[in-house]
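Participant: My questions all concern the structure below.
Residue numbers (mature numbering (1 follows the signal peptide of the UniProt record, and there is no 0)): -23 to -1, 1 to 136.
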């Protein structure tokens, strides 16, 4: 009798173990990092990227956001160099938060009454500055040596 119960218990454990192993095999880990917004069944394509002065939430490509952040940090550095004499640097500055959309027609979420040709909006409030923009094309990477030639090679306005 004890042998029979022991055999049944062993068989039950084997079945439970096989079921758990099967469950592990049928639910593979997701291929990429996804953000799931609470209350939604489907994962979101949005991701967060952060630099020293900016936080970007985007549904574009990671490379485009990396290029955008690098260019914004370069511009921020340049503006700080030129305005250093006029502004006192704060110890704890809040970061600018940017929502960077991959298509037109998505800015209405941030500002319902936009002009027809708007490509971005900005709002300054007590917690910090918040902005939203739309990506038209991939961001061009220019190293410092090419900045002067890139600017000078543009045609004059109206040409």
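For each residue, glycine too, the CB sits at the ideal point set by N, CA and C.
Cutting at 6 Å between CB atoms, please list the residues of its own chain near residue 96, excluding the five before and the five after it.
Facilitator: So the list reads 111, once near-sequence residues are dropped.
Participant: Report the rounded CA-to-CA distance for residue 45 versus residue 80, giving the unit in angstroms.
Facilitator: Going from the Cα of residue 45 to the Cα of residue 80 covers about 16 Å.
Participant: Which same chain residues end up closer than 8 Å to residue 30 when comparing Cβ atoms and leaving out the 5 residues on each side of it in sequence?
Facilitator: Closer than 8 Å at the Cβ level, and outside the excluded window around residue 30, lie 49, 50, 53, 70, 72 and 73.
Participant: Nearest by alpha-carbon distance to residue 43: which of 24, 89 and 100 is it?
Facilitator: Checking every option, the nearest Cα to that of residue 43 belongs to 24.
Participant: Are the CB atoms of residue 99 and residue 108 within a distance shorter than 8 Å?
Facilitator: Taking 8 Å as the Cβ cut-off, residue 108 and residue 99 qualify as a contacting pair.
Participant: Determine the burial state of residue 56: buried for a count of at least 16 other Cβ atoms within 10 Å of its Cβ, exposed for fewer.
Facilitator: Label assigned to residue 56: exposed.
Participant: Measure the C-alpha to C-alpha separation of residue 121 and residue 47 and round it to an integer number of angstroms.
Facilitator: Those two C-alpha atoms are separated by around 12 Å.
Participant: Let's test the definition: count the other Cβ atoms within 10 Å of the Cβ of residue 60 and tell me whether it reaches 16, buried, or not, exposed.
Facilitator: It is exposed - the Cβ of residue 60 has fewer than 16 other Cβ atoms within 10 Å.
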